[in-house]
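> Position 128 (the sequence shown) corresponds to 128 in the numbering used here; numbering is contiguous. There's a structure below that I have some questions on.
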Amino acid sequence: MKASVTKGLGQGFVLEEIDLADPTGHEVRIEVKASGLCHSDLSVATFIGGEFPVVLGHEVAGLVTAVGPQVTQVKVGDHVVGSLIQYCGACVNCLAGRSYICLHPSATERAAGEPSRLSWNGAPVAQGMGLAGFAQEALIHENQLAVVPDEMPWAPAALIGCGVLTGAGAVLNSANVRQGDTVVVIGAGGVGLNAISGARLAGAGRIIVTDIEDVKLDRAKAFGATDVVNSRTTDPVEAVRDLTGAGADHVFDFVGVRPVTAQAMQMLGKGGGLYLIGVGAMDAGLELSALVALSNSQKVQGVYMGSSELKRDIPLYAAMYIQGRMNLDDLITKQIGLADINAGYDSLKDPTTARVVITDLS
Ligand SMILES: NC(=O)c1ccc[n+]([C@@H]2O[C@H](COP(=O)([O-])OP(=O)(O)OC[C@H]3O[C@@H](n4cnc5c(N)ncnc54)[C@H](O)[C@@H]3O)[C@@H](O)[C@H]2O)c1
Ligand SMILES: [Zn+2]
Ligand SMILES: [Zn+2]
1 MKASVTKGLG
11 QGFVLEEIDL
21 ADPTGHEVRI
31 EVKASGLCHS
41 DLSVATFIGG
51 EFPVVLGHEV
61 AGLVTAVGPQ
71 VTQVKVGDHV
81 VGSLIQYCGA
91 CVNCLAGRSY
101 ICLHPSATER
111 AAGEPSRLSW
121 NGAPVAQGMG
131 LAGFAQEALI
141 HENQLAVVPD
151 EMPWAPAALI
161 GCGVLTGAGA
171 VLNSANVRQG
181 DTVVVIGAGG
191 VGLNAISGAR
201 LAGAGRIIVT
211 DIEDVKLDRA
221 KAFGATDVVN
231 SRTTDPVEAV
241 RDLTGAGADH
251 VFDFVGVRPV
261 TAQAMQMLGK
271 GGGLYLIGVG
281 AMDAGLELSA
291 LVALSNSQKV
301 QGVYMGSSEL
311 KRDIPLYAAM
321 YIQGRMNLDD
331 LITKQIGLAD
341 INAGYDSLKD
351 PTTARVVITD
361 LS
C-alpha cells in the first residue's frame with residue numbers, strides 16, 4: 001500500500017510503497033478514508049523528532065476491513081475514528097475514567113520482538129502514535145478506535161480524533177466551563193476553533209478570542225466568539241481586562257510560546273485557571289509567581305487531548321455534528337491527496353486556511 005513516510009527531522013513527507021501486517025490480537029485493519037493534517041505531526045517532523053522512518057497522521061477516519069481474533073469492540077464494515085490516546089483499560093487511571101493518562105499506553109502497541117506493523121523494504125517503520133493515518137490503510141489497536149454512525153461524513157469525522165477532542169475537551173472536560181463563565185481562547189486555529197464550539201455548548205457568558213490574523217478572528221466569530229482581539233495591534237491583556245472587568249475565569253493557550261503564555265496568566269481573574277495546550281516551541285512554558293497564584297487562588301493545568309474519554313467523546317461530537325449542534329464543516333478549508341502533504345502543511349501558513357484533510361487516497 002502507499003504511505004507517506006517521514007525519514008528524518010526536516011525531511012518532510014514522501015510517498016512510498018510499504019507493507020502493513022495482518023491483524024493479530026486486538027488489532028483492527030482499516031481502509032483510510034480521511035486523514036487530517038494536525039500541526040503536532042508537523043512539529044514531530046520538524047523539531048520534536050522521535051523514531052524515524054515513521055508514518056505520521058493521527059487524525060484518521062476509515063472503514064474497518066479486518067479484525068484480529070480478540071477484537072470485541074468493532075466489526076468489519078464499521079466506520080471508525082482513531083485517536084492518539086493509547087490506553088490499557090486496566091490501570092488505576094483507566095479504571096478511574098481517566099484513560100487519557102493511562103499508565104500503560106504501550107499496551108496498544110506490539111511488544112518488542114514482535115514483527116513491526118509497518119515495514120518498508122523488509123525493515124521496520126515506526127507507527128506514529130499507534131495510528132499512522134498518512135497511508136491508504138492502517139493497523140490500529142481497538143482501544144484507539146471509536147465507532148461513529150455511517151451517515152457521518154469522513155472528513156469532519158477525521159478531525160474529531162484530535163483537533164475536536166482537544167479543543168472542545170479542554171473546555172468541557174479539563175476546565176469544566178460552566179454556564180456564564182468567561183473564557184479566553186488564544187489562537188483560533190484548527191484546535192482553538194473547537195474550544196470556541198465547546199465554550200458555546202457549555203453556555204459560556206463571554207468567549208473572547210485572540211489571534212494575530214484578522215481572517216482567523218472573523219472565522220472565530222462564525223464559530224461563536226463574542227469578542228475578538230487582534231493581539232498584533234491591541235494589547236490582549238488590557239483588552240481582556242477591559243472586557244471582563246475582573247479578569248477571565250478560564251484562559252486556553254493554543255499557541256504555546258513563552259511571551260503569549262505569560263500574557264495568558266495575566267488575563268486570569270481571581271480563582272481563574274490557565275490551560276496549556278499549544279507547544280509552539282521546545283521551550284514553551286511559564287515563569288510562575290507562587291505569590292500571585294496563591295493570593296489569587298489561580299491554577300495552571302497542562303491539558304493532554306482535552307482530558308477526553310475517546311470511546312465516549314468521539315461518538316458524542318459526531319452525534320452533535322449530525323444534529324447540527326457542532327460546526328465541523330467550516331474547519332475544512334482544503335481537501336488534498338495523500339501525495340500532497342508537504343504542500344498541504346505549507347498551505348496552513350496561509351491564514352485563510354483552517355484545516356487541510358487528505359480525502360483522496362488513490
Ligand atoms: N495538548 C494536546 O493534547 C494537543 C493536541 C493537539 C494539538 N496540540 C497543539 O495545539 C496547538 C494548536 O494547534 P493547531 O492545529 O490549532 O495550530 P494552528 O496553527 O492551526 O493554530 C494556531 C493559531 O494561533 C495563532 N497565533 C499564532 N501566534 C499567535 C499569538 N502570538 N497570539 C495569538 N494567536 C497566535 C495562529 O494565527 C493560528 O490561528 C499546536 O501547538 C499543537 O501542537 C496540542
Ligand atoms: Zn493533533
Ligand atoms: Zn491504563
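Just so it is clear, CB atoms sit at the ideal spot from N, CA and C, and this is done for glycine as well.
Starting from R29, trace the beta strand (DSSP E) in both directions and tell me its first and last residue.
Here the beta strand (DSSP E) through R29 covers E27 to G36.
> Among G273, A45 and A34, whose alpha-carbon lies nearest the alpha-carbon of G82?
Here the closest residue by C-alpha is A34.
> Less than 8 Å between the beta carbons of V209 and A239, yes or no?
Contact: no.
> With a threshold of 7 Å on Cβ separation, who are the neighbours of V60 within its own chain once the five nearest residues in sequence on each side are excluded?
Answer for V60: V32, S35, G82, L131, G133, A138, A158 and G161, listed in chain order.
> When the Cα atoms are used, what is the spatial distance from A90 to L63?
Their Cα atoms are separated by approximately 27 Å.
> Tell me the DSSP bridge mates of V228?
In DSSP, V228 forms a bridge with V209.
> At a cut-off of 7 Å, is L159 close to ligand 1 when judged by its beta-carbon and the heavy atoms of the ligand?
Checking every heavy atom of ligand 1 against the Cβ of L159, none is found closer than 7 Å.
> Of the residues D19, T233 and G269, which one's Cα is nearest the Cα of H250?
Cα-wise, what sits closest to H250 is G269.
> Touch check for the segment 46-59 and the segment 140-156: three-plus C-beta pairs under 8 Å?
Verdict: no, contact absent.
> Given 8 Å as the limit, is there contact between the segment 194-209 and the segment 178-186, that is, 3 or more CB pairs closer than that?
The segment 194-209 is in contact with the segment 178-186.
> From the DSSP output, in three-state form, read off K2 for me.
Note: K2 maps to strand in three-state DSSP.
> What I want to know is whether the C-beta of S99 ends up closer than 7 Å to one or more non-hydrogen atoms of ligand 2.
S99: no, Cβ never under 7 Å from ligand 2.
> Starting from R200, trace the beta strand (DSSP E) both ways and give me its first and last residue.
Element bounds for R200: not the beta strand (DSSP E) but the alpha helix (DSSP H), G192 to A202.
> Could you pull out every unbroken beta strand (DSSP E) segment of at least 3 residues lying fully inside the segment 73-158, listed in chain order?
Within the segment 73-158, the complete beta strand (DSSP E) runs of at least 3 residues are 79-82, 118-120, 123-127, 137-141 and 145-148.
> Are the beta-carbon atoms belonging to T46 and G8 less than 8 Å from one another?
Against a cut-off of 8 Å, the Cβ pair of G8 and T46 comes out as no contact.
> Compare the Cα-Cα distances from G278 to each of A290, I18 and D41 and report the closest residue.
When only C-alpha atoms are compared, the closest one is D41.
> Regarding H141 and ligand 4, is the C-beta to nearest heavy atom distance less than 7 Å?
Here the bound small molecules are ligand 1, ligand 2 and ligand 3; ligand 4 is not part of this structure.
> State whether the segment 163-178 contacts the segment 309-321, with contact taken as three or more CB pairs (one from each stretch) at a distance under 8 Å.
A contact exists between the segment 163-178 and the segment 309-321.
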